[in-house]
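Working notes for the structure below.
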Amino acid sequence: MKIHSFPSISNQQSKVLILGTMPGIASLTLNQYYGHPRNAFWKILFTIFDEPYSTDYETRKKLVLKNNVALWDVLQNCVREGSLDSAIEQEIPNDFTDFLAAHPKIEKIFFNGQKAAQYFKKYVQVSNHYQLITLPSTSPANAGISFEEKLHVWGNVAI
Numbered sequence: 002m003k004i005h006s007f008p009s010i011s012n013q014q015s016k017v018l019i020l021g022t023m024p025g026i027a028s029l030t031l032n033q034y035y036g037h038p039r040n041a042f043w044k045i046l047f048t049i050f051d052e053p054y055s056t057d058y059e060t061r062k063k064l065v066l067k068n069n070v071a072l073w074d075v076l077q078n079c080v081r082e083g084s085l086d087s088a089i090e091q092e093i094p095n096d097f098t099d100f101l102a103a104h105p106k107i108e109k110i111f112f113n114g115q116k117a118a119q120y121f122k123k124y125v126q127v128s129n130h131y132q133l134i135t136l137p138s139t140s141p142a143n144a145g146i147s148f149e150e151k152l153h154v155w156g157n158v159a160i
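Numbering (this note's numbering), first residue to last: 2 to 160.
Structural data, given as structure tokens:
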């Protein structure tokens, strides 16, 4: 099945860009970044920014913008059955040339998992101005790393 990513959550104050690969089924169904209830992404972000956790999507979007974070996916669309990145085929990347030009304050690009980093490096060339950092996936499929370990490494997102 052909699926499409969401528009970015970003503004002119964004200094950090967090990139996933492509939304999973739960996220696509809810039309929300990191919508799977067992994905640790939002719990991690609320913790590192010292804010009370919320399941309200508008509150979540405000959290990232308030903290100068932008969210997007490396891929614009692909063919995939299920939610696993390993099932992605016929991928098309998002337009990072225009995005980064429109967000000149971004200096750090974090990847939510190895696959996001791999696809970015495959399709996108950026200057040395950007610091590229791969973080452990927050997906429930990445059960080999505890929440505490993920939280520790993800703490680098806070600027």
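The beta-carbon is built from N, C-alpha and C at its ideal position, and this holds for glycine as well.
- With a minimum length of 4 residues, the unbroken runs of alpha helix (DSSP H) contained wholly in the region 87 to 148 fall at 97 to 103, 115 to 124.
- DSSP, reduced to helix, strand and coil, places L85 outside both helices and strands of the structure shown, so it counts as coil.
- Around the beta carbon of D57, fewer than 16 other beta carbons sit within 10 angstroms, so the residue counts as exposed.
- For D86, the number of other beta carbons within 10 angstroms of its own is at least 16, and it is reported as buried.
- For K63, the enclosing alpha helix (DSSP H) covers residues 58 to 67.
- Taken atom to atom, the span from the alpha-carbon of L152 to that of E59 is near 22 Å.
- Contact annotation: I134 and N113 have beta-carbon atoms that are not nearer than 8 Å.
- With respect to S6, D74 sits close: the two C-beta atoms are nearer than 8 Å.
- DSSP places H5 in the strand class (E or B) of the three-state scheme.
- Contact annotation: K106 and K3 have beta-carbon atoms that are not nearer than 8 Å.
- Remark: three or more beta-carbon pairs, one from each stretch, lie closer than 8 Å, so the region 136 to 148 and the region 35 to 48 are flagged as touching.
- One Cα belongs to S128, the other to G83, and the distance between them is close to 34 Å.
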